[in-house]
Amino acid sequence: MLEAKDVTVRYDTATVLDGASLRVEKGELVGLVGPNGAGKTTLLRAIVGLINWDREVLKGTRMEDVVLEGTIEFEGERIDRLSAYEIAKKGLLLCPQMGRPFVEMSVKENLLAGAHLCKDKQEIHESLEKVYQLFPRLRERQKQMAGTLSGGERQMLAVGRSLMRRPKFMLVDEPSSGLAPKIKDELFKRVQEIYQELGVTILLAEQDVGFAFELSQRNYVMSRGHVIAQGTAEELLKDETIRSTYLGM
Amino acid sequence: MIVPILIRTLTRGAVYALLASGMTLLFGVAHIVNLAHTAFFMLASFGVFYFTSTRISQVAFDGPGWPVLPSIIVTIVAVTGLGLLVYRFLLDRVRQHAQVVLLITIALAMVFQEIMDFSFEGHSRRIREPFIQGGVEILGETVSYQRLLVVGVVIAVMIGLWLLLSKTKLGIAIRATANDPEIANLMGISVSRTLLITMGIGTGLAALAGVLTAPLWVFHPHVWMQPLTMVLAIVVLGGLGSIKGSVIGAFIIALVENLVIFLIPQYGYMRMAFALLVMIVVLSVRPGGLFGTIFEEERL
Chain A
-9 MLEAKDVTVR YDTATVLDGA SLRVEKGELV GLVGPNGAGK TTLLRAIVGL INWDREVLKG
51 TRMEDVVLEG TIEFEGERID RLSAYEIAKK GLLLCPQMGR PFVEMSVKEN LLAGAHLCKD
111 KQEIHESLEK VYQLFPRLRE RQKQMAGTLS GGERQMLAVG RSLMRRPKFM LVDEPSSGLA
171 PKIKDELFKR VQEIYQELGV TILLAEQDVG FAFELSQRNY VMSRGHVIAQ GTAEELLKDE
231 TIRSTYLGM
Chain B
36 MIVPILIRTL TRGAVYALLA SGMTLLFGVA HIVNLAHTAF FMLASFGVFY FTSTRISQVA
96 FDGPGWPVLP SIIVTIVAVT GLGLLVYRFL LDRVRQHAQV VLLITIALAM VFQEIMDFSF
156 EGHSRRIREP FIQGGVEILG ETVSYQRLLV VGVVIAVMIG LWLLLSKTKL GIAIRATAND
216 PEIANLMGIS VSRTLLITMG IGTGLAALAG VLTAPLWVFH PHVWMQPLTM VLAIVVLGGL
276 GSIKGSVIGA FIIALVENLV IFLIPQYGYM RMAFALLVMI VVLSVRPGGL FGTIFEEERL
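Order-wise, the sequence lines are chains A and B. When we follow my numbering, the leftmost residue of the first sequence carries the number -9, and every step to the right adds one. When we follow my numbering, the leftmost residue of the second sequence carries the number 36, and every step to the right adds one.
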């Protein structure tokens, strides 16, 4: 369903991603783990077209030399030259780190922004109801400005906003980052529900290895811009070098 | 004296509000300070003048002499189209570079000024006949229908703009882009297209202001400079990016100008200086402007 081959990303002279490859089949929940600065977020950004966006934003500045090499295919079609909004149209969506809600808009307006590509009002209404069922707290706060939400609520809103589009594939970037254990558990259950009940394929980038290993069927381990290992949680934990050097366990 | 002050404040404030809301909208969404904004206002005044003129009716200018309504529509469409071309082929390429945007837009305004100077022989112009003849007496003061038309149209447009931004899919896309264009992309919103539409709305509002005031005010090719100073003052006074702030700021500045004109007529030529002084005082107390706030509900 999604295949990234030898993806390299360079900003000027800094190589952030160096020939990273991964493959996710339809119906899988795959973890992407590794320490800070391993390149997880950059790989997700490359997949959803945000490196191309960076190139556009940095055009004409001293940092304009942004390079994306390698190929990325979604459902058999190359997407690495497409704009981020064109990739979103294909049903491939990113829930960014820290949620990144539209802080000056209400919770409901954020969710409606997520449904930008849906034309059918009934479908939008049903999606909204589904999101509110999944995250009752968002219903309670629907008129509240998103900028006033807590970290956990922002993350819920980001996931809910992506669900409004009825995605085929979700890339979730560090959903548990900075959250209290109770909120983390709640988010864990919701991600599981989205995967099992809504049938959305998920690629989950996480620093919290426990969170990722418990949710995912198999995992990729990243370090310094490379994918250095892959396998199930058991397989990876058996390897002493990976466990101690890259997973910090 | 209060009634004429209020009536003129309403008219002038309405026109300022129209101009300032278009400018602040573009700044709020695209972070573009378009110094050519009031040049589009000037072009629209000349546009409607040209289309309605005949050799006999206007100061010996040979226009096609169209009826008022088609002239207004064609002018607004043409000026908005010009604004879209300017955005698509110039501003979109440099919008990340604020200083370049300032230089290009001020240069464009001057180019438009020179072209109008050449085309209309450098004369001041005015549409002699108001779009609607007659007037009505309000509290002993005769108010022309033309002034009432300006106020009515501006109120309707402002309500329309508020509805557009708060209730429609396009409005949500515009505000999402203003908040975080990178994330708006991920929702399937084309940021370039949204910014182009925003430029179209802003230029359309400037064109509407130019058309509505053409029968009220004398205009000439340099007429964009004074409104630009006032509109910049209003936009900053209201809080950059705040439409509500711009509307309120517009009426405050218009009120100060009219108070000077009516109460100390001997210093009437200094009305702008007084208005700008008010802006300086307010900004020294609230540097973010009256509504320079974080949340969009306050912006609208």
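Think of the CB as a built atom: it goes at the ideal place given N, C-alpha and C, for glycine as much as any other residue.
Kindly say whether residue i, judged by its beta-carbon, lies nearer than 8 Å to any beta-carbon of chain A.
| i | result |
| --- | --- |
| B:A208 | yes |
| B:Q131 | yes |
| B:M234 | no |
| B:E331 | Residue confidence for B:E331 is low, a pLDDT of 43 falling below 50, so the modelled location carries little weight and cannot support an answer. |
| B:G223 | yes |
| B:D215 | yes |
| B:R334 | Reliability fails at B:R334, whose pLDDT of 43 lies under 50, so the model's placement of it is uncertain and no value is given. |
| B:A211 | yes |
| B:K202 | no |
| B:N293 | no |
| B:N69 | no |
| B:I218 | yes |
Short of 6 Å in beta carbon distance, which residues of its chain neighbour residue i, apart from the five on each side in sequence? Order them along the chain.
| i | result |
| --- | --- |
| B:L199 | G206 |
| B:K202 | none |
| B:A74 | A144, F147, W259 |
| B:G235 | T115, L119 |
| A:F(-1) | The residue you asked about is not Phe; residue -1 of chain A is Val in the sequence shown. Contacts found: V6, L7, T32, A36, I41, L58. |
| B:R161 | V253 |
| B:L311 | A268 |
Among the candidates the options, whose CA atom is the shortest distance from the CA of residue i?
| i | options | result |
| --- | --- | --- |
| B:G276 | B:G223, B:F297, B:V186, B:L325 | B:L325 |
| A:A74 | B:I218, B:T44, B:L243 | B:I218 |
| B:R43 | B:L61, B:Q181, B:L125, B:I224 | B:Q181 |
| A:P265 | A:D110, A:G39, A:E164, A:R208 | The question about residue 265 of chain A has no answer here: the residues shown for chain A are numbered -9 through 239. |
| A:G137 | A:N209, A:F92, A:E67 | A:F92 |
| B:A71 | B:Y122, B:I299, B:K279, B:P102 | B:Y122 |
| B:R163 | B:L41, B:V189, B:F254 | B:F254 |
| A:S140 | A:T222, A:A223, A:L12, A:V97 | A:V97 |
| B:T229 | B:L61, B:L54, B:A55, B:L53 | B:L61 |
| A:K30 | A:L226, A:L227, A:N209, A:F125 | A:N209 |
| B:G157 | B:L312, B:F96, B:M58, B:E176 | B:F96 |
| A:G66 | A:E(-7), A:G189, A:K172, A:P126 | A:E(-7) |
| A:L72 | B:Q261, B:N220, B:Y304 | B:N220 |
| B:P262 | B:S179, B:P102, B:M307, B:V291 | B:M307 |
| B:N214 | A:A4, A:L226, A:E94 | A:E94 |
| A:L124 | A:E183, A:K109, A:L107 | A:E183 |
| B:H26 | A:I69, A:V47, A:G200, A:E113 | With chain B running from 36 to 335 in the structure shown, residue 26 of chain B is simply not present. |
| B:I288 | B:I37, B:L45, B:M36 | B:L45 |
| B:V271 | B:L231, B:V291, B:V226, B:G323 | B:G323 |
| B:G274 | B:I37, B:G63, B:P102, B:D152 | B:G63 |
Does residue i come within less than 8 Å of chain B when only Cβ atoms are used?
| i | result |
| --- | --- |
| A:M88 | no |
| A:E119 | no |
| A:Y75 | yes |
| A:K98 | no |
| A:H106 | yes |
| A:M95 | yes |
| A:T231 | no |
| A:K79 | yes |
Which same chain residues, not among the five before or five after residue i, have their C-beta less than 7 Å away from its C-beta?
| i | result |
| --- | --- |
| A:K49 | none |
| A:R45 | V56 |
| A:K16 | M(-9), T191 |
| A:Q132 | S96, V97, K98 |
| A:E204 | none |
| A:G215 | T5, V6, L7, D8, A10, G29 |
Which whole-angstrom value is the C-beta distance of residue i and residue j, which I expect to be below 8 Å?
| i | j | result |
| --- | --- | --- |
| B:A65 | B:T233 | 6 Å |
| B:A340 | B:T110 | One cannot answer for residue 340 of chain B here, as it falls past the ends of chain B, which runs 36 to 335. |
| B:G245 | B:L78 | 7 Å |
| B:E172 | B:P39 | No, B:E172 and B:P39 are not in contact; Cβ-Cβ is about 12 Å, not under 8 Å. |
| B:F84 | B:A249 | 6 Å |
| A:V14 | A:V20 | 5 Å |
| A:L128 | A:L147 | 6 Å |
| A:A195 | A:L12 | With a Cβ gap of about 11 Å, A:A195 and A:L12 do not count as contacting. |
| A:S234 | A:Q197 | With 8 Å as the limit, A:S234 and A:Q197 do not qualify as a contact, their Cβ atoms being about 16 Å apart. |
| B:S281 | B:S56 | 5 Å |
In chain order, what residues of the same chain have a beta carbon less than 8 Å from the beta carbon of residue i, not counting five sequence neighbours either side?
| i | result |
| --- | --- |
| B:I31 | The structure shown has nothing for residue 31 of chain B, since chain B only spans 36 to 335. |
| A:L83 | V38, S152, R155, P157, F159, M160, L161 |
| B:E333 | Here the model assigns B:E333 a pLDDT of 42, short of 50, so the residue's position is not dependable, and the following value carries that caveat. Counting only Cβ-Cβ distances below 8 Å, and skipping sequence neighbours, we find S277, K279, F326. |
| B:E149 | P256 |
| A:R180 | L124, F125, M146, V149 |
| A:A219 | Y210, V211, L226, D229, I232, Y236 |
| B:V186 | L45, T46, A49 |
In chain order, each alpha helix (DSSP H) run of at least 4 residues that lies wholly inside the region 51 to 114 of chain B: 72 to 87
Complete runs of the alpha helix (DSSP H) confined to the region 177 to 209 of chain B [at least 4 residues]: 180 to 202
In chain order, which alpha helix (DSSP H) runs of at least 4 residues are fully inside the region 29 to 116 of chain A? 30 to 37, 40 to 48, 74 to 79, 97 to 104
Unbroken stretches of the beta strand (DSSP E), 3 residues or longer, contained in the region 150 to 211 of chain A: Counting only runs of 3 or more, we get 159 to 163, 191 to 196.
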